[in-house]
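Trainee:
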Amino acid sequence: MPKKASLEAVKLPDRVTLYTIDSNPLFYQPFDGPPIPHLKLIHAFPDVVPKIQIDRGAIRFVLSGAALMAPGLTSPGGRLPDKDNALNVGDVVAVSAEGKTEVCMVGPLKMGTEEMKEKGKGVVMDAGHYLGDGLWKLNLD
Numbered sequence: 003m004p005k006k007a008s009l010e011a012v013k014l015p016d017r018v019t020l021y022t023i024d025s026n027p028l029f030y031q032p033f034d035g036p037p038i039p040h041l042k043l044i045h046a047f048p049d050v051v052p053k054i055q056i057d058r059g060a061i062r063f064v065l066s067g068a069a070l071m072a073p074g075l076t077s078p079g080g081r082l083p084d085k086d087n088a089l090n091v092g093d094v095v096a097v098s099a100e101g102k103t104e105v106c107m108v109g110p111l112k113m114g115t116e117e118m119k120e121k122g123k124g125v126v127m128d129a130g131h132y133l134g135d136g137l138w139k140l141n142l143d
């Protein structure tokens, strides 16, 4: 971080706080949750949080703001960690997409990965930050 960097907390609608350094988004924090890395931070530092992968069919739904559903992760194009690296409810994860290089969504899980594998259905993430949403398009200059 540069010596003269300016760290700011920007209050946004829906009781969300965005933390920035020199107008570059780092984290956002919903009023009732922990700070979550902004997608731009994850693109710069891809290993900052664990990753899961959705199949090609789920991409358009995720990018239009739909909740992330288990079938997009448990189908052949989806990818979840093995049992030894299982993720739990509340863990923040980055969501990559089959055949794409950049992460397309980030947020806390509503269902653990082992439960996703068992049930194969249900909402996995409903409050995620995704490419093209208001947080992504926010102009901070």
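First residue of the sequence shown? That's 3 in my numbering, and the numbers climb one at a time after it.
Glycine included, each C-beta is placed from N, C-alpha and C at the ideal position.
Compute the beta-carbon to beta-carbon distance between Leu75 and Val126, rounded to the nearest angstrom, for a pair I have assumed lies under 8 Å.
Mentor: 6 Å
Trainee: Along the alpha helix (DSSP H) that carries Glu120, what are the first and last residues, could you check?
Mentor: 115 to 121
Trainee: Hey, quick one: how far does the beta strand (DSSP E) through Lys112 stretch, first residue to last?
Mentor: First-last for Lys112: undefined, no H or E at that position.
Trainee: So if DSSP puts Ile56 in a beta bridge, which residue, or which two residues, is it bridged to?
Mentor: Ala99
Trainee: Determine, using beta-carbon pairs with one atom in the stretch 59 to 73 and one in the stretch 119 to 137, whether at least three such pairs fall under 8 Å.
Mentor: yes
Trainee: Give me the Cβ distance between Phe29 and His40, rounded to the nearest whole Å; I'm assuming they're in contact under 8 Å.
Mentor: 6 Å
Trainee: Is the stretch 124 to 143 in contact with the stretch 105 to 112, if contact means three or more CB pairs nearer than 8 Å?
Mentor: yes
Trainee: What residue does the alpha helix (DSSP H) around Pro32 start on, and which one ends it?
Mentor: Unbroken run through Pro32 is the beta strand (DSSP E), 26 to 32; no alpha helix (DSSP H).
Trainee: Go to Lys139, then tell me how far its beta strand (DSSP E) extends in each direction, as first and last residue.
Mentor: Run containing Lys139: none in the beta strand (DSSP E); it sits in the alpha helix (DSSP H), 136 to 139.
Trainee: Could you tell me how far apart the beta carbons of Arg58 and Gly79 are, in whole angstroms, since I believe they sit closer than 8 Å?
Mentor: 6 Å
Trainee: Is Val126 helix, strand or coil by DSSP?
Mentor: Strand.
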